[in-house]
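Just below is one structure, and these are the notes that go with it.
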Amino acid sequence: MKKKITQFLGFFFLRVCLYTVLAVLLLFLFDIGSKGGKVISWEFLSQAPRRGMTEGGIFPAIMGTFLVTIITAILAVPMGMFTAIYLNEYAKQTRLTRIIRLSIRNLSGVPSIVYGLFGVILFVNVLRFGTSILSAGLTLGLLTLPWTITASEEALKAIPNSYREGALALGATQWQSIRTNVLPYALPGMLTGMVLGLSRAAGETAPIMFTGAAFYLPFLPKSLGDQFMALPYHLYVMATQHHAISQVRPLAYGTALVLLLLILIMNLAVIIVRYRLRRVKRE
Amino acid sequence: MKRTSWIKLKESAIRAFLFTNGILAVVILVGIFFFLLYTSIPAFREVNIKEFFLSKNWDPTSPVKAEFGILSMVVSTLMVTLGALAIAVPIGIGVASYLSDVAHWRVREVVKPIVEVLAGIPSVVVGFLGIVLFGPAIAEVFGLSNGLNAINGSILLAIMAMPTIISISEDSLNAVPRAYSEASLALGASRWQTLIRVKIPAALSGIIAAVMLGMGRAIGETMTVLMATGNAPAFPKSFLSSIRTMTATIAIELGEVPYYTTHYYALFAIGLVLFVITFVVNLISDIILHKYQEREL
Amino acid sequence: MNFRKVLIGFICLSLLAAGPVFAKKKMIQVKGSDTMVNLVQVLAEAYMEKNRQNPIAVLGGGSGTGIAALINGTCDIASHSRPMKNKEIEMAKDRGVIPHRFIIAVDGLSVIVNEKNPVSKMVMDQIGAIYRGEITNWKEVGGADWPVSLYGRQSNSGTYVFFQEHVLGNQNYSQDMKQMNGNAQIIEGVSKDKYGIGYVGVGYTLDSDGTVRKGIKIIMVAKNAGATAYSPLDKAAVDSGDYPVARPLFQSSAGTPQGAVLDFIKFAISEEGQEIVEREGFFPIGSSHQEENKKNMK
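These protein sequences, in sequence, are chains A, B and C.
Residue numbers for the first sequence follow the numbering used here, beginning at 5 and rising by one.
Residue numbers for the second sequence follow the numbering used here, beginning at 104 and rising by one.
Residue numbers for the third sequence follow the numbering used here, beginning at 28 and rising by one.
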């Protein structure tokens, strides 16, 4: 009897844990969704801020985030893929490669502000790119690189060796076997990992704060050397630095909602693709 | 014959390209550490190392005497991290246990993506919610005048660290061989007793690794603590005081510091300390996971 | 999932972004004081309405950030609510930047408390003692038996430095002061915190319709015990110096201002600009300030 009661209480505790987590998430989404939803409109998404940013929209921030994420992708995606291919397919599995792999994986745990520091000194100062889309994008690219390498490696590892061996046995060279028998199957996994990494980068504030994000710009950036507005930085500014924070609180909510939706959509796409893949594999 | 030598050439070229690419990536990433080190060293020409690590006062712009002690901010970071773990570990392991042992597979399919979504919420949004949602609530509950303090930070960081703890703990629990649970059940133990006395101990190293990874995440968080903990540089008196973490200090002062001054170098020194702490925590967790996986196989 | 297709798609994306790489369009960068950022932004918007060919980017970050940017060469105009320190001027000259300073407005730095706080006037010394951490309970200044909850700015703020020099007698702030990111956060904090005290630029204490913001109360300040206490909203008191915490608000350029930079500064100190200054809750500059400005334009 005692066993049954303890089990009941125990599992009840576990259920409570689950409900707490779900409740918190729902609370977040509801708060931002309801207060942000009131503000979102086509004008909000397509116009620039006006009147000292107390009115108008957040289009420059959306565009800025979009542009800087493209630069991030240009640095992190190909380099990530190729490094993963080399590490997993070509490099001899020695102690050195294990150490390298370990280091890369642990670099993804380094605080984003430290990448920001690095970005300031390398891109803004030493390489003289100044505060710009380029500097911020490269900094975010470095932040995302460990992630893309690891995600690509996971995808490659999931392909059984028999695929590679089959091709090699038929006389293919190593690259040919990779190209025809490994990559096509690993690519969906790789790309979904990349998209997840990029969605993280899009939401980062600390690396772009000192490398290019701006409080307010009257025009859209016209080149890679310009500063830019960005969604996460805009939210930070609206919530803490703006001169009339209570007045623009609704706009801050709107910004938060747009940022969340952007990331949710990217994550959802990945989840759906992965789910489809798993079902195919099961059959 | 010509065709094969052309193919061989292509092969070598591709291999060389991939190798260069890989080396470049590794060099850049390792370079971050050396760059930080190189830029921190000038700070110690002017700042005594003992003072740096042991003094409670960080006041680089003081008109009286510029001080560069990081003890208060290190303690603040640790406080808020431990507070976060105190919340996230029980709940996280609880959810992981539920998902691996009690939940119907359909529930799992739904909850797992939800947990991933929680992981994707950007830190600035969490910080924002700390200001508008949790701050006033905390102020009410504790009868405080203001909700920007260490507890607020701990709750928010717990929310950020939980998805990591949940997913890795759940993976570890699932990896426990069925034979263990079946043996336990066969001997008459209830599912709960099996979970508590057999599965969790068996998965312990994986769970510890998960907790350490979560801890690393909490230590390195910047925006969340910057927005919600009040940023008072004093040595923390309690969980209800306003505190300022290492990450927040860098974020606050990096913008105002003229390049190549002692203050500038000192900020990089803090960055170096952060880098080392998070890297080591992640490394230990990784080694534990690795050892654990090897053992199970 | 053809590898080639992905590669092509990628190249297209890169070309799209590369576009006119580094075809830099010259925008005047104004960085600095949070106290002034709203004022400068409204000035910039008004200026750009008639001068679309000279776009101006306004960034905040605090007076220290603006000055650092001017020294580092990353901005054209620095807004600062405190004068540059000698160290900073020397550093600037070392890097080949000779700052020219202009006064564009006058601020009555205001001390605010929560509207529920019974205290309504204080002596300068008392305020200094509170912020140095020497006075920790409101009853010591004639209020209720409440602990003092300090709000202030961060070290990058000109207001922080000015307050430290003039009210704290150049001593250290109490380490318990909550260091907020901007004037607005201080207002928000104090309005919700019964025990709170904060310092902000006078322009921030007023709503868009000119009344004092809800939730806060402006403290009248007396120079010493026995003197009359004045409010920062009192223009005469600010001008005459009876209100002891008045200060000029500056904009500095790197070297002699020219072109669009000169144009914008001239606009700020013109009649139209000064009208905007008043509308934003600050005080227009006096004749002695105008003299100094004329001198520094050379």
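Glycine residues also receive a C-beta, built at the ideal position from the N, C-alpha and C atoms.
Quick caveat: nothing in here was measured; it's all calculated off a predicted structure.
- How many angstroms separate the CA atom of Ala-50 (chain C) from the CA atom of Lys-226 (chain A)? The pLDDT assigned to Ala-50 (chain C) is 42, lower than 50, so where the model puts this residue is not dependable, and the model offers no usable value.
- Message: Counting only Cβ pairs nearer than 8 Å, list the residues of chain B close to Ser-107 (chain A).
- Response: Val-129, Leu-132 and Val-133
- Is there contact between the stretch 222-231 of chain B and the stretch 137-156 of chain B, where contact requires at least three CB pairs shorter than 8 Å? no
- Message: Could you give the first and the last residue of the continuous beta strand (DSSP E) run that contains Ala-55 (chain C)?
- Response: Sequence check: residue 55 (chain C) is Ile here, not Ala. In this chain, the beta strand (DSSP E) harbouring Ile-55 (chain C) covers 55-59.
- Message: For Arg-79 (chain C) and His-246 (chain A), I'd like the C-alpha separation in whole angstroms.
- Response: Spanning the two alpha carbons is a distance of roughly 25 Å.
- Secondary structure at Asn-322 (chain C), three-state DSSP: helix, strand or coil? The amino acid occupying residue 322 (chain C) in the given sequence is Lys; Asn does not appear at that position. Lys-322 (chain C): helix per DSSP, three-state reduction.
- Message: Give me, in chain order, the residues of the same chain whose beta-carbon lies closer than 8 Å to that of Ser-147 (chain C); leave out the 5 immediate sequence neighbours on both sides.
- Response: Lys-244, Ile-246 and Met-247
- Message: I believe Ala-210 (chain A) touches Thr-327 (chain B) by the beta-carbon criterion, under 8 Å. Please report the beta-carbon distance rounded to the nearest angstrom.
- Response: Rounded, the Cβ-Cβ distance is 10 Å, inconsistent with contact.
- Message: Rounded to whole angstroms, what is the Cα-Cα separation between Met-85 (chain A) and Thr-152 (chain A)?
- Response: 7 Å
- Which class does Gln-180 (chain A) belong to by DSSP, given the choice of helix, strand or coil? helix
- Three or more beta-carbon pairs under 8 Å between the stretch 202-220 of chain B and the stretch 175-185 of chain B, yes or no? no
- Query: With 16 as the cutoff for other CB atoms within 10 Å, does Pro-164 (chain A) come out buried or exposed?
  - Reply: exposed
- Same chain, Cβ closer than 7 Å to Ile-6 (chain C), neighbours up to 5 away in sequence not counted: This structure gives no information on residue 6 (chain C), because the portion of chain C shown stretches from 28 to 325.
- Query: Going along the stretch 72-88 of chain C in order, which residues come within less than 7 Å of chain A, judged by CB to CB distance?
  - Reply: Met-75, Pro-82, Ile-83, Ala-84, Val-85, Leu-86 and Gly-87
- Short CB-CB distance (under 7 Å) between Gly-223 (chain B) and chain A: yes
- Item | Inter-residue CB distance, Ala-205 (chain A) and Thr-73 (chain A) (contact presumed, cutoff 8 Å) | 6 Å
- Query: Unbroken beta strand (DSSP E) runs of length 3 or more, entirely within the stretch 264-300 of chain C: which are they?
  - Reply: Whole beta strand (DSSP E) segments, 3+ residues: 273-281.
- What residue from C:Lys-114, C:Leu-70, C:Tyr-74 and C:Val-64 has the CA that sits closest to Ser-90 (chain C)'s CA? Of the candidates C:Lys-114, C:Leu-70, C:Tyr-74 and C:Val-64, the one whose C-alpha sits nearest the C-alpha of Ser-90 (chain C) is C:Val-64.
- Query: In chain A, what lies closer than 7 Å to His-325 (chain B) by C-beta?
  - Reply: The sequence shown places Thr at residue 325 (chain B), rather than the His named in the question. Those within 7 Å of Thr-325 (chain B) in chain A are Pro-115, Ser-116, Ile-117 and Ala-210.
- Item | Separation of Ala-369 (chain B) from Phe-147 (chain B), as counted between CA atoms | 8 Å
- Message: Between Thr-186 (chain C) and chain B, is any beta-carbon pair separated by less than 7 Å?
- Response: no
- Item | Which listed residue (A:Thr-76, A:Phe-127, A:Ala-65 and A:Gly-134) has its alpha carbon closest to that of Gly-100 (chain C) | A:Gly-134
- Check whether the Cβ of Pro-216 (chain B) lies closer than 7 Å to any Cβ atom in chain A. yes
- Item | Thr-238 (chain C) burial status per 10 Å Cβ neighbour count (16 or more: buried) | exposed
- Task: Output the boundary residues of the beta strand (DSSP E) element that contains Tyr-90 (chain A).
- Result: Looking at the DSSP string, Tyr-90 (chain A) is not in any beta strand (DSSP E), and its letter there is neither H nor E.
- Task: List the DSSP bridge partners of Asp-134 (chain C).
- Result: C:Arg-274
- Message: Do Ile-98 (chain C) and Ala-119 (chain C) count as a contact pair if the criterion is CB distance below 7 Å?
- Response: yes
- Query: Short check: CB of Gly-155 (chain C) to CB of Ser-201 (chain C), under 7 Å?
  - Reply: no
- Task: Answer yes or no: does any C-beta atom of chain A fall closer than 7 Å to that of Gln-206 (chain C)?
- Result: no
- Message: If I measure Cβ to Cβ from Ile-311 (chain B) and keep anything under 7 Å in the same chain, skipping five residues before and after, which residues do I get?
- Response: Ile-391
- Have a look at Ala-116 (chain B) and Trp-109 (chain B) and give me their C-alpha separation to the nearest angstrom. Cα to Cα, the separation comes out at about 11 Å.
- Query: Who are Glu-59 (chain A)'s beta bridge partners in DSSP?
  - Reply: A:Arg-54
- Task: Using beta-carbon positions only, say whether Val-229 (chain C) and Pro-271 (chain C) come within less than 7 Å of one another.
- Result: For the 7 Å CB-CB criterion, Val-229 (chain C) and Pro-271 (chain C) do not form a contact.
- Please report how far the alpha carbon of Ala-335 (chain B) lies from the alpha carbon of Ile-346 (chain B), in whole angstroms. 5 Å
- Message: Quick check on Val-81 (chain A): does DSSP put it in helix, strand or coil?
- Response: helix
- Query: Taking 7 Å as the CB-CB cut-off, is Ala-218 (chain A) touching chain C?
  - Reply: yes
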